[in-house]
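Working notes for the structure below.
In structure tokens form, the structure reads like this:
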């Protein structure tokens, strides 16, 4: 049974993964399809070593998994629930205006103040 501390740890791991722009790009790419480090590096425009380091972090957080495929290692999102959650986060656009008010842009292009 999961404890509240387990829930905090899970949220913390996901936050760590999403906090870095390169890791966020990798996650968005892996949501489309599994990929290997060289393909990821080419797609996001960074070095393979850099991608490998970020993938190691994502694996350590339990967010991606690695599977051997021939001579390559393919990476994918560890759980379909996580993919769904990331998709839902991408549907939410948060904009900060000059006054410091935060707006939540809803799908019908209307905006409402949320804070």
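In our numbering, the protein residues as written are 22 to 136. Quick reminder that beta carbons are idealized off the backbone N, C-alpha and C, glycines included. It should be emphasised that the depicted structure is a prediction, and the values quoted were computed from it without experimental measurement.
In this structure, the beta-carbon distance from residue 84 to residue 61 does not fall below 8 Å.
Contact between the stretch 71 to 87 and the stretch 39 to 49 is present: three or more C-beta pairs spanning the two stretches fall below 8 Å. Judged by DSSP in its simplified three-state form, residue 24 adopts coil rather than helix or strand. In the structure shown, residue 58 adopts helical secondary structure according to DSSP, grouped into three states. If you keep only unbroken alpha helix (DSSP H) runs of at least 4 residues inside the stretch 49 to 110, you get 58 to 65 and 69 to 81.
For residue 55, the CB contacts under 7 Å within the same chain, skipping 5 residues up- and downstream, are 95, 96 and 97 in chain order. Cα atoms of residue 69 and residue 80: separation of roughly 16 Å, rounded to the nearest angstrom. Residue environment analysis places residue 72 among the buried positions, since at least 16 neighbouring C-beta atoms fall within 10 angstroms of its C-beta.
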